[in-house]
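Going by the UniProt record's numbering, the first residue of the sequence shown is number 1, and it counts up by one from there.
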Amino acid sequence: MTSHNQEAYRVLRAYLTHLLTDPRDKALEEVPAPLRASVEAFMLGKTVYHDAADRPIIYAHDLAAWAHQVIHVSGLEYPVSLASVDVDSLRQAMAA
């Protein structure tokens with residue numbers, strides 16, 4: 001495993017763990033691109049609301065439930081290429 005892939009895995013895991021306790025709702029577009037399809041699939045049939053700019057917003061408890069599913073139950077439904085993971089954007093997503 002390359003050093004980038006190791007760092008990408010570590011930050012990806014930290015991002016998912018962060019979602020377990022982050023109390024803030026998030027716009028779907030704030031979910032990093034490699035994970036967005038998995039979140040969208042998880043949200044089918046669940047409540048999503050829209051902000052003033054008509055962006056879909058996901059409740060924090062739904063994101064926490066999704067992260068729990070990924071970490072402890074199913075894993076990602078599709079493989080994420082660690083080489084394509086933008087480590088800096090994941091760090092920014094945790095800081096925002």
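Note that CB positions come from ideal geometry on N, CA and C, so glycine has one too. Quick caveat: nothing in here was measured; it's all calculated off a predicted structure.
Residue i by DSSP, collapsed to three states: which one?
i, result
"Pro-56", "strand"
"Ala-27", "strand"
Beta carbon of residue i, beta carbon of residue j: below 9 Å?
i, j, result
"Glu-30", "Ala-95", "no"
"Thr-17", "Ala-67", "yes"
"Ile-58", "Val-80", "no"
"Asp-51", "Ala-27", "yes"
"Val-85", "Ala-37", "no"
In terms of residues, what are the limits of the alpha helix (DSSP H) holding residue i?
i, result
"Met-1", "First-last for Met-1: undefined, no H or E at that position."
"Leu-35", "33-43"
Assuming residue i and residue j make a contact with CB atoms under 8 Å, what is their CB distance in whole Å?
i, j, result
"His-4", "Ala-64", "No, His-4 and Ala-64 are not in contact; Cβ-Cβ is about 28 Å, not under 8 Å."
"Leu-12", "Leu-90", "6 Å"
Compare the C-beta of residue i with all C-beta atoms of chain B and state if any pair is closer than 9 Å.
i, result
"His-50", "This model lacks chain B altogether, as it is built from one protein chain only."
**Asked** Looking at C-beta atoms only, is the number of pairs between the region 74-94 and the region 45-55 that lie closer than 8 Å three or more?
**Response** no
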